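A.B. asks: There's a structure below that I have some questions on.
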DNA sequence: AGAGAATTCCAAAGCGCTTTGGCTATTTTG
DNA sequence: CAAAATAGCCAAAGCGCTTTGGAATTCTCT
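Protein chains in written order, with the working numbering: chain A, 11 to 350; chain B, 11 to 350.
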């Protein structure tokens with residue numbers, strides 16, 4: 011059933027039927043009812059390819075997916091996706107993932123914009139002067155950054171959590187508990203979130219006249235194994251830290267294992283706070299010693315980003331609004347006063 | 011730059027330019043060279059919306075993503091996606107995720123097929139008589155199932171791993187080591203993979219005149235917490251099992267924690283074998299006691315499915331070929347002879 | 001009553017591509 | 001050498017929608 015048939019059936023022009031269906035004002039309410047009714051009865055659905063060709067709108071939001079045999083997609087992505095999907099479903103949006111060589115995403119961005127394949131895109135895991143942000147900004151497609159860049163000479167819309175604040179709070183708590191030597195097991199420090207977290211820790215330490223020893227800071231891919239290795243290296247130093255802030259629950263698994271392997275205890279010998287993105291399948295309260303966390307649901311962020319993208323597409327949101335979510339500090343058994 | 015402009019520039023008709031570019035035979039090689047050359051020089055790229063409207067082909071593969079606030083997307087998905095993306099990238103395929111109410115995916119399947127939004131789809135986590143398989147089969151869109159149905163009265167193309175064989179081997183090893191009471195901590199037993207794994211365990215036990223006690227079998231969502239709970243329940247029974255087969259590494263984390271909480275040891279008191287889908291961020295050899303696993307890279311499966319979908323789209327693959335991959339049994343420290 | 005405004009509808013022109021059917025040279029064949 | 005086949009190209013007709021630019025009718029107001 012296409013527009014031609016439907017309009018013929020109603021003895022109306024395609025114009026009128028189209029307008030009736032798309033809510034244009036210049037059509038009699040009575041007529042509109044007839045049209046809408048008939049459309050529903052016959053299950054008419056406008057062909058999206060045709061509509062897209064005519065309007066340039068696709069009803070899809072895009073994401074450029076960095077791939078390559080050496081590239082691992084972050085497991086956080088799936089949680090983010092859950093949230094995005096929740097919103098997208100109820101608003102008839104589809105999501106298109108365009109795989110791109112991790113070292114050349116620009117080509118892909120240009121392509122999907124030039125081809126009008128999607129109405130908006132989002133960007134995740136931004137680095138401080140992320141080229142992608144400037145690129146999509148210049149290309150003029152609606153977008154939102156999940157996270158933030160830094161030192162960019164223009165504004166842009168983003169949604170981020172207060173990483174600095176979160177790790178500031180975490181570190182401040184540890185300092186208050188008497189810890190003097192903190193360590194930070196961080197994610198890839200080319201990414202902004204990691205930089206912000208480090209900044210938060212440093213600021214908290216500085217407030218008490220302390221500093222973050224360079225040897226007490228690790229920046230690695232967020233795997234269990236790296237968490238383990240980092241912790242061993244930290245705890246086998248002369249001036250081993252007595253408290254660790256850790257950027258992910260998965261790494262925290264490795265931290266816990268390493269501490270145990272070394273015959274130390276949490277929180278007796280070392281306190282631990284990790285960031286929790288809220289996975290359904292791994293919960294901090296279920297660690298052998300319940301884990302204190304800075305918590306922020308990445309899933310909710312996904313839903314919010316979808317919502318804002320939809321708003322931007324339809325022109326309801328404009329400008330370069332940045333949105334920063336506060337992060338909860340949830341204290342559980344893994345922190346205690348500094349040992350002896 | 012569109013076709014009209016390009017052909018005008020070359021003093022050729024749109025027909026000829028189009029044919030030259032798409033490799034049709036009825037165009038002089040010399041002319042084709044000129045066209046291809048000019049197209050490249052001017053960076054001409056056919057507008058996909060127009061092409062799609064004309065041909066009905068979209069160059070995308072689809073996946074219906076079950077969503078809902080109570081629905082958690084499996085973290086395996088992201089690994090699968092990595093593989094799919096690897097292949098898709100090098101073949102200019104995009105992936106469109108269509109979020110659907112988990113309880114009504116049919117509507118979405120019908121929509122994406124009717125709208126010709128994608129050229130092919132894949133289906134994951136199938137149940138034995140999965141409605142989706144019959145549906146897409148009837149709708150006539152190219153598809154491949156990742157996993158298998160069961161008791162379906164028609165054939166269809168799929169890619170699966172030998173779940174039954176894998177768990178058969180695992181259980182057989184445990185029996186050979188003297189274990190008489192095995193337990194199975196399985197995924198949702200409405201899904202085929204879980205059924206197959208249980209079948210494998212039962213078959214191995216039966217071969218030695220043993221059976222799988224109903225109280226020794228758990229079927230739960232694959233989270234760390236559920237692994238923990240299941241293990242506690244198992245080990246606190248009178249006739250506690252001395253060996254556990256477990257359907258995921260994530261659950262295995264919970265198993266290990268529970269065993270430790272109960273003051274038991276792996277493999278001294280209980281042997282453990284888990285299935286490993288090969289996550290980059292959690293590796294069995296890094297468990298406190300290195301974990302024996304049945305291993306199969308879900309990422310490779312993703313790449314293979316993309317490859318086969320592409321083949322089906324272009325007509326290179328036809329019919330209902332089922333492909334079953336063998337699974338490696340990797341023995342590490344977590345298994346030992348049955349205690350006492 | 002008649003001019004002007006508003007309402008309601010339509011024909012036709014895109015959007016940019018593929019494909020059908022046909023037309024002219026050139027080559028091959030009996 | 002005429003007839004038939006082939007090569008190479010083109011004009012135009014879709015694909016199914018939106019939107020422009022009227023046209024016809026009805027309403028409003030002096």
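The beta carbon of each residue, even a glycine, is placed where N, CA and C say it ideally should be. The model shown is predicted, which means the values in this text are computed figures rather than measured ones.
Can you name the residues of chain A whose CB is closer than 8 Å to the CB of residue 96 of chain B?
C.D. replies: Per Cβ cutoff of 8 Å: 77, 78, 79 and 109.
A.B. asks: Measure from the C-beta of residue 348 of chain A to each C-beta in chain B and report whether the shortest distance is under 9 Å.
C.D. replies: False, the Cβ-Cβ gap to chain B never drops below 9 Å.
A.B. asks: Looking only at its own chain, which residues have a Cβ that is under 6 Å from the Cβ of residue 201 of chain A, when we skip the five neighbours before and after it?
C.D. replies: Excluding residues within five positions, the ones whose Cβ falls inside 6 Å are 135 and 137.
A.B. asks: At a Cβ cut of 9 Å, what residues of the segment 115-129 of chain B count as close to chain A, listed as they run along the chain?
C.D. replies: If the cut-off is 9 Å between Cβ atoms, the segment 115-129 of chain B has 118, 121, 122, 124, 125, 126 and 127 near chain A.
A.B. asks: Express the C-alpha separation of residue 338 of chain B and residue 187 of chain B in angstroms, rounding to a whole number.
C.D. replies: Taking the straight line from one Cα to the other gives about 19 Å.
A.B. asks: Find the residues of chain A that neighbour residue 293 of chain B, judging by a C-beta separation of less than 9 Å, and give them in chain order.
C.D. replies: Under the 9 Å cutoff, chain A gives 233, 234 and 235.
A.B. asks: Helix or strand or just coil, what does DSSP make of residue 240 of chain A?
C.D. replies: Of the three classes helix, strand and coil, the one that applies to residue 240 of chain A here is helix, per DSSP.
A.B. asks: Quick one: residues in its chain with C-beta nearer than 8 Å to the C-beta of residue 234 of chain B, no 5 flanking neighbours on either side, listed in chain order?
C.D. replies: Counting only Cβ-Cβ distances below 8 Å, and skipping sequence neighbours, we find 260, 261, 263, 264 and 267.
A.B. asks: In three-state DSSP terms, what is residue 189 of chain B?
C.D. replies: Of the three classes helix, strand and coil, the one that applies to residue 189 of chain B here is coil, per DSSP.
A.B. asks: Residue 92 of chain B by DSSP, collapsed to three states: which one?
C.D. replies: It is helical.
A.B. asks: Within this structure, are the beta carbons of residue 107 of chain B and residue 105 of chain A separated by less than 9 Å?
C.D. replies: Yes. Within cutoff.
A.B. asks: Going along chain B in order, which residues have a C-beta closer than 8 Å to the C-beta of residue 60 of chain A?
C.D. replies: Within chain B, the residues near residue 60 of chain A are 63.
A.B. asks: Give a yes or no on contact between the segment 168-181 of chain B and the segment 327-341 of chain B, applying the rule of three or more CB pairs nearer than 8 Å.
C.D. replies: Verdict: yes, contact present.
A.B. asks: When the Cα atoms are used, what is the spatial distance from residue 329 of chain A to residue 131 of chain A?
C.D. replies: Approximately 16 Å between the Cα atoms of the pair.
A.B. asks: Mind listing which residues of the segment 269-280 of chain B have their C-beta closer than 8 Å to chain A's C-betas, in chain order?
C.D. replies: The residues in question are 270 and 271.
A.B. asks: Out of A:240, A:198, A:180 and A:195, state which residue places its alpha-carbon closest to the alpha-carbon of residue 213 of chain A.
C.D. replies: Of the candidates A:240, A:198, A:180 and A:195, the one whose C-alpha sits nearest the C-alpha of residue 213 of chain A is A:180.
A.B. asks: To the nearest angstrom, how far is it from the Cα of residue 296 of chain A to the Cα of residue 56 of chain B?
C.D. replies: One C-alpha to the other measures close to 54 Å.
A.B. asks: Along the chain, where does the alpha helix (DSSP H) that runs through residue 119 of chain B open and close?
C.D. replies: First-last of the alpha helix (DSSP H) with residue 119 of chain B: 116-124.
A.B. asks: Does DSSP put residue 296 of chain B in a helix, a strand or coil?
C.D. replies: It is helical.
A.B. asks: At a CB-CB cut-off below 7 Å, which residues of chain B make contact with residue 92 of chain A?
C.D. replies: Near residue 92 of chain A (Cβ distances below 7 Å), the residues of chain B are 77, 82 and 83.
A.B. asks: In chain order, what residues of the same chain have a beta carbon less than 6 Å from the beta carbon of residue 94 of chain B, not counting five sequence neighbours either side?
C.D. replies: Result list for residue 94 of chain B: 312 and 316, in chain order.
A.B. asks: When you compare only the Cα positions, how much space is there between residue 86 of chain A and residue 349 of chain A?
C.D. replies: So the alpha carbons of these two residues sit roughly 34 Å apart.
A.B. asks: Less than 7 Å between C-beta atoms, sequence neighbours within five positions excluded: which residues of the same chain meet that for residue 54 of chain A?
C.D. replies: Excluding residues within five positions, the ones whose Cβ falls inside 7 Å are 11 and 16.
A.B. asks: Can you check which of these residues, A:82, A:96, A:60 and A:52, is closest to residue 309 of chain A by C-alpha distance?
C.D. replies: Nearest C-alpha to residue 309 of chain A: A:96.
A.B. asks: Starting from residue 221 of chain B, follow its DSSP beta bridges and name the residues at the other end.
C.D. replies: Note: residue 221 of chain B sits in no beta bridge, so no partner.
A.B. asks: Can you tell me where the alpha helix (DSSP H) holding residue 287 of chain B begins and where it ends?
C.D. replies: Note, residue 287 of chain B: premise wrong, no alpha helix (DSSP H); not H, not E.
A.B. asks: Express the C-alpha separation of residue 121 of chain A and residue 344 of chain A in angstroms, rounding to a whole number.
C.D. replies: C-alpha separation (whole angstroms): 49 Å.
A.B. asks: Which bits of chain A does residue 199 of chain B rub up against, with CB to CB less than 7 Å?
C.D. replies: The contacting residues do not exist; residue 199 of chain B stays about 18 Å from chain A at best.
A.B. asks: Residue 38 of chain A CB to nearest chain B CB: under 9 Å?
C.D. replies: Closer than 9 Å: no.
A.B. asks: Say whether chain B places a C-beta atom closer than 9 Å to the C-beta of residue 132 of chain A.
C.D. replies: Not one chain B Cβ lies under 9 Å of residue 132 of chain A.
A.B. asks: Determine the contact status of residue 112 of chain A and residue 65 of chain A, defining contact as a CB-CB distance below 9 Å.
C.D. replies: Taking 9 Å as the Cβ cut-off, residue 112 of chain A and residue 65 of chain A do not qualify as a contacting pair.
A.B. asks: Could you check where the alpha helix (DSSP H) with residue 210 of chain B kicks off and where it finishes?
C.D. replies: Its alpha helix (DSSP H) spans residues 202-216.
A.B. asks: Give the straight-line distance between the Cα atoms of residue 277 of chain B and residue 346 of chain B, rounded to the nearest whole angstrom.
C.D. replies: Their Cα atoms are separated by approximately 6 Å.
A.B. asks: Which value, in whole angstroms, describes the spacing of the CA atoms of residue 305 of chain A and residue 257 of chain A?
C.D. replies: So the alpha carbons of these two residues sit roughly 11 Å apart.
A.B. asks: Assuming residue 29 of chain A contacts residue 40 of chain A under a Cβ cut-off of 8 Å, what Cβ separation, rounded to an integer in Å, is found between them?
C.D. replies: Their Cβ separation, rounded to whole angstroms, is 14 Å, which puts residue 29 of chain A and residue 40 of chain A out of contact at 8 Å.
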